[in-house]
Amino acid sequence: MKRRPDCRPVITLTTDFGLSDEYAGTVKGVILSTCRDTAIVDLTHDIKPQDIAAAAMTIGASFRYFPEGSVHMVVVDPGVGSDRRILAVRAENHLFIAPDNGVLTPVLTEGIFQDAFHITNQDLFQKTISRTFHGRDIMAPVAAKLACGLDISLVGPQLGRRQCCRIPLPEARYANGNIIGEIIHIDHFGNMRTSITIEDLVEIPTGTKRGVSIGSHSINCISTTYADAGPGTLLALFDSRNHLELAVNGGNAARTLGCQVGDEVIVSWTAG
Amino acid sequence: MKRRPDCRPVITLTTDFGLSDEYAGTVKGVILSTCRDTAIVDLTHDIKPQDIAAAAMTIGASFRYFPEGSVHMVVVDPGVGSDRRILAVRAENHLFIAPDNGVLTPVLTEGIFQDAFHITNQDLFQKTISRTFHGRDIMAPVAAKLACGLDISLVGPQLGRRQCCRIPLPEARYANGNIIGEIIHIDHFGNMRTSITIEDLVEIPTGTKRGVSIGSHSINCISTTYADAGPGTLLALFDSRNHLELAVNGGNAARTLGCQVGDEVIVSWTAG
Amino acid sequence: MKRRPDCRPVITLTTDFGLSDEYAGTVKGVILSTCRDTAIVDLTHDIKPQDIAAAAMTIGASFRYFPEGSVHMVVVDPGVGSDRRILAVRAENHLFIAPDNGVLTPVLTEGIFQDAFHITNQDLFQKTISRTFHGRDIMAPVAAKLACGLDISLVGPQLGRRQCCRIPLPEARYANGNIIGEIIHIDHFGNMRTSITIEDLVEIPTGTKRGVSIGSHSINCISTTYADAGPGTLLALFDSRNHLELAVNGGNAARTLGCQVGDEVIVSWTAG
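Written out as structure tokens, the structure is:
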């Protein structure tokens with residue numbers, strides 16, 4: 001496989017495979033069989049089984065940390081073996097390979113989207129195609145060939161952006177003079193990411209005092225760093241994705257508060 | 273270390289080390305110290321501690337997805353430090369490094385086996401050899417040198433195939449006009465792999481109606497894909513290893529049925 | 545980025561990020577964006593959140609298995625966003641990047657230490673710096689540039705060894721004619737590493753009979769390998785880090801004994 005001589009190919013994997021089976025490993029074997037010097041990076045294999053929205057938010061928040069030209073495989077694929085399409089999408093000069101089930105929603109939005117193709121060219125696939133593991137048998141070899149320089153238009157017919165499946169992702173909304181969001185992810189530290197982004201707060205009048213509440217708990221300011229609060233104290237701050245996050249300095253906020261994904265979070269403000 | 277100029281070496285790791293300790297990481301450090309541009313792939317480090325049969329089935333089902341010439345380290349080694357041998361085996365133009373405890377059973381079978389050697393050449397080992405971690409101190413440096421092009425006959429004396437330890441692995445059998453197998457693995461999704469392969473079913477007369485039963489549950493057909501059954505429905509299909517698998521579409525079959533490894537599974541058939 | 549032409553850069557990661565989020569993955573994206581052919585190795589991402597001592601012991605025991613010139617990122621960083629410094633340290637011709645919180649204690653000791661620098665040169669950082677993820681935004685790009693050959697003195701002002709934070713790590717002590725230590729780590733197999741090293745035993749008179757006790761359990765010899773004891777038997781031996789370890793042959797010692805990190809372990813001896 002000919003490839004661009006100036007840079008090593010990069011492929012990322014975002015899946016719900018877990019790490020206890022050999023599934024991610026065999027995907028990598030197929031990639032290396034096609035394009036031996038690819039740098040393969042696990043974004044995570046711990047997406048909850050079949051949680052398309054979580055995978056969509058993960059890839060949307062992560063791909064820009066990789067070099068342009070990277071190929072991102074997103075394999076959360078409850079419809080594997082059915083007639084759901086497999087997509088190759090280009091956005092911001094990154095490539096994305098995924099089932100057409102909404103998992104690419106963030107890269108199908110206006111602005112960053114470039115073009116999309118329906119992967120149908122069987123010459124690019126493994127010789128034997130299972131009915132249950134298209135990540136290994138279709139997506140991996142196509143990703144490797146694209147990473148090595150294959151022209152994306154050769155994977156199959158072009159699709160319009162609106163022909164690709166998008167799903168609603170949690171967003172903040174304004175109601176009763178407040179910003180209402182929800183917990184969208186609880187991370188390894190127990191930090192709780194909300195659907196409220198830093199952009200959602202730009203319309204709050206300057207000079208006002210901001211507060212955040214969740215259930216019966218309230219926080220009377222938005223911090224800039226964990227160390228702004230004492231050890232064990234609940235605080236709100238903007239995380240490394242620019243989402244409002246609730247955390248306990250040195251502790252596990254989700255466990256302390258007994259919260260879970262979907263719980264409502266409210267940002268309010270009063271004259272300072 | 274001189275290596276074949278035309279391709280980057282590939283080494284895979286299949287172990288029971290888990291990921292919470294630095295064990296797999298230091299194995300990789302030793303490999304990179306010997307052969308800097310090796311692509312190292314984790315097949316899994318989540319083999320149940322000392323589960324030789326599980327590791328054997330994992331490597332047997334996975335190695336063909338990697339390029340020829342790959343070196344596969346299989347380190348499930350309850351006898352470490354005893355006088356058990358360490359093997360270098362060649363099969364289907366792949367290389368395998370493992371303790372001689374049966375973990376290479378699938379690659380020692382007739383047909384694919386090429387040759388085997390007893391690793392004894394201490395010049396190839398780390399300078400200091402611990403008594404508890406031969407994966408790092410013996411297998412890793414030997415694997416790296418083989419991946420870089422070392423002639424396998426230099427690792428130590430040759431062994432005949434029958435001199436290498438093999439263990440019985442679960443297989444289906446015919447009894448009372450049925451095919452009897454068992455659950456051999458429960459994966460991250462709760463899908464239950466059985467010891468019954470697609471080859472075991474070739475003798476079932478065509479035109480008959482096939483059914484699968486496990487405990488008090490029965491399934492009256494074999495599907496081709498998860499989406500053939502409604503959400504939450506138990507189904508049977510052939511998985512990406514060509515083993516009969518029991519799954520729940522969008523759910524966790526093992527949890528739903530309360531099954532575990534070793535449970536009996538029966539395939540039967542009746543005139544269609 | 546110019547780099548030494550003779551060898552591929554190596555960067556290791558030791559963090560408390562876990563693997564369920566994309567955190568480690570985005571760190572790797574930043575590294576590959578700077579230095580595309582880096583070999584990135586996960587030592588572990590499973591350090592208990594904010595457990596600085598555990599991370600310190602892990603990197604101290606592991607870095608020598610990697611080639612000289614490797615860059616080791618240790619990101620256990622409860623003070624992220626505060627005014628704690630970020631260090632670049634050189635020791636035994638390895639480089640270490642970490643917050644100045646004691647996590648580099650083993651490489652700051654006399655003998656192996658070479659020099660230390662306070663990372664302040666913002667030209668080396670990501671363009672946007674979050675307040676909560678300096679591993680990705682500061683340490684990763686600096687590590688990648690150092691791995692590619694950047695002169696360490698360009699990261700910021702030099703610091704003396706004593707200006708860098710060190711923390712007390714568990715060590716064995718002599719008392720009442722015994723050696724007293726403690727459990728410092730329980731590994732994936734349930735093996736219990738103690739703070740007692742092989743060097744601690746050199747002063748025991750030769751020809752004496754050694755015993756090890758923990759709680760109400762006692763072991764009347766020190767074995768050289770797991771297989772020295774019968775299956776299911778508790779034994780003591782020196783592990784692959786040269787620490788005294790308590791293990792059960794083929795079993796899980798910590799679970800069998802109900803022990804945890806911090807429990808006292810005593811080595812005693814009597815005339816043979």
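For the record, the sequence lines run as chains H, D and X.
Counting along the first sequence from 1, when you hit position 168 you're at 168 in the working numbering, and nothing is skipped either side.
Take any residue in the second sequence, note its place counting from 1, add 272, and you have its number in the working numbering.
Take any residue in the third sequence, note its place counting from 1, add 544, and you have its number in the working numbering.
Cβ atoms here follow ideal geometry from the backbone N, Cα and C, with glycine treated the same way.
(1) Given 8 Å as the limit, is there contact between the stretch 724-734 of chain X and the stretch 790-798 of chain X, that is, 3 or more CB pairs closer than that?
(2) What do you get for N101 of chain H, buried or exposed, if any count of 16 or more other CB atoms within 10 angstroms of its CB means buried?
(3) Can you tell me whether DSSP reads S784 of chain X as helix, strand or coil?
(4) Alpha carbons only, please: which of X:T741, X:L668, X:I596 is nearest the one belonging to R710 of chain X?
(5) Cβ of N786 of chain X versus every heavy atom of the ligand FMN: is any distance shorter than 6 Å?
(6) By the DSSP assignment, the beta strand (DSSP E) with K753 of chain X in it spans what residues?
(7) What's the gap between the Cα of E636 of chain X and the Cα of S739 of chain X?
(8) Note down, one range per segment and in chain order, each alpha helix (DSSP H) of at least 4 residues found wholly within the stretch 294-376 of chain D.
(9) Against chain D, which members of the stretch 25-52 of chain H pass a CB distance test of less than 7 Å?
(10) Report the residues of the stretch 612-627 of chain X with a CB closer than 7 Å to any CB of chain H, ordered along the chain.
(11) Classify S216 of chain H as buried or exposed, calling it buried when 16 or more other Cβ atoms lie within 10 Å of its own Cβ.
(12) Quick check on DSSP: helix, strand or coil for I179 of chain H?
(13) Per DSSP, L713 of chain X forms a beta bridge with which residues?
(14) If I'm right that G341 of chain D touches C279 of chain D with Cβ under 8 Å, what's the distance once you round it to whole angstroms?
(15) Show which residues of chain D have a CB atom less than 8 Å away from the CB atom of C765 of chain X.
(16) Using beta-carbon positions only, say whether T768 of chain X and R403 of chain D come within less than 7 Å of one another.
(17) Hey, out of D:L396, D:Q394, D:I410, D:I384, whose CA is closest to A370 of chain D's CA?
(18) Chain H beta carbons: is any one of them nearer than 7 Å to that of D459 of chain D?
(19) Compare the C-beta of M1 of chain H against all C-beta atoms of chain D and say whether one is closer than 7 Å.
(20) Since P685 of chain X and L668 of chain X should fall inside the 8 Å C-beta cutoff, what is the C-beta to C-beta distance between them, to a whole number of angstroms?
(21) Could you tell me which residues DSSP puts in a beta bridge with E264 of chain H?
(22) For I763 of chain X, which residues in the same chain have their Cβ closer than 8 Å to its Cβ, ignoring the five residues on either side in sequence?
(23) Need the endpoints of the beta strand (DSSP E) that T225 of chain H sits in, please.
(24) Residues in its own chain within less than 7 Å of K592 of chain X by CB, not counting five upstream and five downstream?
(25) Excluding the 5 residues flanking A24 of chain H on each side, which residues of the same chain have their C-beta closer than 8 Å to its C-beta?
(26) So is F405 of chain D in contact with chain X if we call contact Cβ pairs under 7 Å?
(27) Check each residue of the stretch 665-694 of chain X: if its Cβ is closer than 7 Å to any Cβ of chain D, include it; give the result in chain order.
(28) Does DSSP classify I520 of chain D as helix, strand or coil?
(29) Step through the CB atoms of chain D and report whether any lies within less than 7 Å of the CB of G251 of chain H.
(30) Leaving out five residues before and five after I384 of chain D in sequence, what residues of the same chain have Cβ atoms less than 7 Å from its Cβ?
(31) In this structure, does DSSP put V282 of chain D in helix, strand or coil?
(32) Keeping to the same chain, check which residues put their C-beta closer than 7 Å to that of I626 of chain X; ignore five residues upstream and five downstream.
(33) Going by the CB atoms, is the gap between E715 of chain X and G806 of chain X shorter than 7 Å?
(34) Find the residues of chain H that neighbour C279 of chain D, judging by a C-beta separation of less than 7 Å, and give them in chain order.
(35) Can you find a CB in chain D that lies within less than 7 Å of the CB of R4 of chain H?
(36) So, helix, strand or coil for L668 of chain X, using DSSP?
Working from what's here:
(1) yes
(2) Counted from its first residue, the first sequence places residue 101 of chain H at position 101. By the 10 Å Cβ count, N101 of chain H comes out buried.
(3) Here residue 784 of chain X refers to the residue found at position 240 when the third sequence is read from its first residue. Coil.
(4) To locate residue 710 of chain X, count along the third sequence from 1; it is residue 166. Minimum Cα distance to R710 of chain X is reached at X:I596.
(5) Inclusion of the ligand FMN in the displayed structure is not the case, the ligand content being empty and no account of it being possible.
(6) Reading the third sequence from its first residue, position 209 is the one you call residue 753 of chain X. Residues 752-758.
(7) Position 92 of the third sequence, counting from 1, holds the residue named residue 636 of chain X. Position 195 of the third sequence, counting from 1, holds the residue named residue 739 of chain X. C-alpha separation (whole angstroms): 23 Å.
(8) 295-306, 324-334
(9) Flagged, chain order: G25, T26, K28, G29, V30, L32, S33, R36, D37, P49, Q50.
(10) P622, G623, V624, G625, S626
(11) The count along the first sequence starts at 1 and reaches residue 216 of chain H at position 216. Per the 10 Å Cβ criterion, exposed.
(12) Taking the first sequence and counting its residues from 1, one reaches residue 179 of chain H at position 179. DSSP places I179 of chain H in strand when its eight states are reduced to three.
(13) What you label residue 713 of chain X is simply residue 169 of the third sequence in a count that begins at 1. L713 of chain X is not bridged to any residue.
(14) Residue numbering aside, residue 341 of chain D sits at position 69 when the second sequence is read from its first letter. Residue numbering aside, residue 279 of chain D sits at position 7 when the second sequence is read from its first letter. Their Cβ separation, rounded to whole angstroms, is 7 Å, which keeps G341 of chain D and C279 of chain D in contact under 8 Å.
(15) By 1-based counting over the third sequence, the position of residue 765 of chain X is 221. Below the 8 Å Cβ cutoff, chain D contributes no neighbours of C765 of chain X, its closest Cβ being approximately 14 Å away.
(16) Sequence index remark: in the third sequence, residue 768 of chain X carries index 224 (1-based). Sequence index remark: in the second sequence, residue 403 of chain D carries index 131 (1-based). Result yes, Cβ atoms of T768 of chain X and R403 of chain D sit closer than 7 Å.
(17) Here residue 370 of chain D refers to the residue found at position 98 when the second sequence is read from its first residue. Checking every option, the nearest Cα to that of A370 of chain D belongs to D:I410.
(18) What you label residue 459 of chain D is simply residue 187 of the second sequence in a count that begins at 1. For D459 of chain D, the answer is yes, since a Cβ of chain H falls inside 7 Å of its Cβ.
(19) The residue given as residue 1 of chain H occupies position 1 in the first sequence. The predicted model places M1 of chain H with a pLDDT of 43, which falls under 50 and marks its position as unreliable, so this point remains unresolved.
(20) Start at 1 with the first residue of the third sequence, and residue 685 of chain X comes out as number 141. Start at 1 with the first residue of the third sequence, and residue 668 of chain X comes out as number 124. The Cβ separation is near 6 Å, so the contact holds.
(21) Along the first sequence, read from residue 1 onward, the residue named residue 264 of chain H stands at position 264. According to DSSP, E264 of chain H bridges with H:E182.
(22) Residue 763 of chain X sits at position 219 when you count from the first residue of the third sequence. Closer than 8 Å at Cβ, skipping near neighbours: G755, V756, S757, L778, L779, A780, L790.
(23) Counted from its first residue, the first sequence places residue 225 of chain H at position 225. No beta strand (DSSP E) contains T225 of chain H, which DSSP labels as neither H nor E.
(24) Counting from one through the third sequence, the residue named residue 592 of chain X turns up at place 48. Answer for K592 of chain X: D560, A598, listed in chain order.
(25) Taking the first sequence and counting its residues from 1, one reaches residue 24 of chain H at position 24. L13, T15, F17, D42, H45.
(26) As a working mapping, residue 405 of chain D is identified with position 133 in the second sequence. Yes, because at least one Cβ of chain X sits closer than 7 Å to the Cβ of F405 of chain D.
(27) Hits within the stretch: zero.
(28) As a first step, residue 520 of chain D must be located in the second sequence, where it is residue number 248. Per the sequence presented here, residue 520 of chain D reads as Val, with Ile not at that position. V520 of chain D falls in the strand class under three-state DSSP.
(29) Here residue 251 of chain H refers to the residue found at position 251 of the first sequence. No, because no Cβ of chain D sits closer than 7 Å to the Cβ of G251 of chain H.
(30) Taking the second sequence and counting its residues from 1, one reaches residue 384 of chain D at position 112. Only A363, E364 meet the Cβ criterion.
(31) Along the second sequence, one-based indexing puts residue 282 of chain D at 10. It is a strand residue.
(32) Locating residue 626 of chain X in the third sequence gives position 82, counting from the first residue. Reading off the sequence shown, one finds Ser at residue 626 of chain X, where the question assumed Ile. Answer for S626 of chain X: no residue qualifies.
(33) Position 262 of the third sequence, counted from the first residue, corresponds to residue 806 of chain X. Position 171 of the third sequence, counted from the first residue, corresponds to residue 715 of chain X. Against a cut-off of 7 Å, the Cβ pair of E715 of chain X and G806 of chain X comes out as no contact.
(34) As a position in the second sequence, residue 279 of chain D is number 7, starting the count at 1. Going along chain H in sequence order, the residues near C279 of chain D (Cβ under 7 Å) are R36.
(35) Mapped onto the first sequence, residue 4 of chain H falls at position 4. Residue confidence for R4 of chain H is low, a pLDDT of 48 falling below 50, so the modelled location carries little weight and cannot support an answer.
(36) Your numbering for residue 668 of chain X matches position 124 in the third sequence. Of the three classes helix, strand and coil, the one that applies to L668 of chain X here is helix, per DSSP.
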